[in-house]
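Using numbering that gives the first Met the number 0, you'd call the opening residue of the sequence shown number 0 and step up by one each time.
Cβ atoms here follow ideal geometry from the backbone N, Cα and C, with glycine treated the same way.
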Amino acid sequence: MEMQGKIAEILEKYKDARRDALIPILQSVQEHCGYLSKDAIIQIGAYLNLPTSKIYGVATFYNQFRFQPVGQYHIQVCRGTACHVKGSSGVFDRFSRDLKIADGETTRDGMFSLEVVSCIGACGLAPVIAVNGEFHAKLADDDASRIVKEYRKDAAKQANEGDDK
Numbered sequence: 000m001e002m003q004g005k006i007a008e009i010l011e012k013y014k015d016a017r018r019d020a021l022i023p024i025l026q027s028v029q030e031h032c033g034y035l036s037k038d039a040i041i042q043i044g045a046y047l048n049l050p051t052s053k054i055y056g057v058a059t060f061y062n063q064f065r066f067q068p069v070g071q072y073h074i075q076v077c078r079g080t081a082c083h084v085k086g087s088s089g090v091f092d093r094f095s096r097d098l099k100i101a102d103g104e105t106t107r108d109g110m111f112s113l114e115v116v117s118c119i120g121a122c123g124l125a126p127v128i129a130v131n132g133e134f135h136a137k138l139a140d141d142d143a144s145r146i147v148k149e150y151r152k153d154a155a156k157q158a159n160e161g162d163d164k
């Protein structure tokens with residue numbers, strides 16, 4: 000289903016919705032589409048009879064919302080207290096340098112996205128990251144390069160298996 004149709008389907012679940020339904024609607028759209036596109040914000044604004052500037056203002060206020068799609072491999076680097084103390088900033092810097100992207104960005108090929116999160120909830124494994132929900136624990140800066148290589152290798156393997164079919 001195309002994105003506009005998917006958004007329309009989500010909005011149907013919020014019959015007679017008003018401004019107070021904006022955040023749940025934004026959350027639902029992001030959950031189903033992966034991010035909030037410009038078209039989604041316009042469509043939501045039309046549905047709620049709110050200017051897109053208001054919707055964009057609310058969405059940018061909360062750091063849970065993103066405005067571009069995440070990569071095939073979404074890397075979340077924990078910056079909670081335990082992870083920060085044990086060097087997660089160096090791990091993040093290495094990912095950023097190796098992938099040539101900053102926090103909240105996606106690589107040009109769409110393979111990787113990078114996000115700093117306030118806490119993953121695995122403090123005993125610090126510093127820790129999650130890639131698509133899979134945890135990698137007790138990392139050093141150099142581990143970032145190894146992890147990127149592993150996921151690139153995995154993606155190439157999957158692509159080759161797809162070619163064989």
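Could you round the C-beta distance between Val69 and Tyr34 to whole angstroms and report it? I think they count as a contact, below 8 Å. Residue numbering aside, residue 69 sits at position 70 when the sequence shown is read from its first letter. Residue numbering aside, residue 34 sits at position 35 when the sequence shown is read from its first letter. For Val69 against Tyr34, the beta-carbon gap comes to about 7 Å, under 8 Å, which counts as contact.
Where Leu47 falls: helix, strand or coil (DSSP): Mapped onto the sequence shown, residue 47 falls at position 48. Helix at Leu47.
Counting pairs of beta carbons, one from the segment 129 to 142 and one from the segment 81 to 97, are three or more of them closer than 8 Å? yes
Leaving out five residues on either side along the sequence, give the residues of the same chain with a beta carbon under 7 Å from the beta carbon of Gly103. As a working note, residue 103 is residue 104 in the sequence shown. Hits under 7 Å: Arg65 and Glu114.
My parser needs the alpha helix (DSSP H) runs of 4 or more residues fully inside the segment 118 to 142; what are they? The segment 118 to 142 contains no whole alpha helix (DSSP H) run of 4 or more residues.
When you compare each of Asp153, Cys118, Ala81 and Ile74 to Leu98 by their alpha carbons, which one comes out closest? By 1-based counting over the sequence shown, the position of residue 98 is 99. Of the candidates Asp153, Cys118, Ala81 and Ile74, the one whose C-alpha sits nearest the C-alpha of Leu98 is Ile74.
When the Cα atoms are used, what is the spatial distance from Ala125 to Thr105? Here residue 125 is taken as the residue at index 126 of the sequence shown, counted from 1. Here residue 105 is taken as the residue at index 106 of the sequence shown, counted from 1. Looking at the two C-alpha atoms, the distance is approximately 24 Å.
Determine the DSSP secondary structure at Gln75, reduced to helix, strand or coil. Taking the first residue of the sequence shown as 1, we reach residue 75 at position 76. Three-state DSSP puts Gln75 in a strand.
Just the C-alpha distance for Met110 and Tyr61, rounded to the nearest angstrom, thanks. Walking along the sequence shown from the start, residue 110 turns up at place 111. Walking along the sequence shown from the start, residue 61 turns up at place 62. Straight-line Cα distance between these residues: approximately 25 Å.
Assigned secondary structure, Phe64 (DSSP; H/G/I helix, E/B strand, else coil): Position 65 of the sequence shown holds residue 64. Three-state result, Phe64: coil.
Whole angstroms are fine: how far does the CA of Gly86 sit from the CA of Ile1? Counting from 1 along the sequence shown, the entry for residue 1 is found at position 2. Counting from 1 along the sequence shown, the entry for residue 86 is found at position 87. The residue asked about is misnamed: residue 1 is Glu in this sequence, not Ile. Each residue's Cα considered, the two are about 42 Å apart.
Close-in-space but distant-in-sequence residues of the same chain around Lys5 (CB under 7 Å, 5 per side omitted): Locating residue 5 in the sequence shown gives position 6, where the first residue counts as 1. Correct list, in chain order: His31 and Cys32.
Starting from Glu1, trace the beta strand (DSSP E) in both directions and tell me its first and last residue. Reading the sequence shown from its first residue, position 2 is the one you call residue 1. Glu1 -> no beta strand (DSSP E), and no H or E assigned at all.
State buried or exposed for Ala129, treating a residue as buried only when at least 16 other CB atoms are found within 10 Å of its CB. For the purposes of this step, residue 129 is taken as residue 130 along the sequence shown, with counting starting at 1. Per the 10 Å Cβ criterion, buried.
Endpoints, the alpha helix (DSSP H) within which Val69 is located: For the purposes of this step, residue 69 is taken as residue 70 along the sequence shown, with counting starting at 1. Taken as a continuous stretch (DSSP letters only), Val69 belongs to no alpha helix (DSSP H), as it is neither H nor E.
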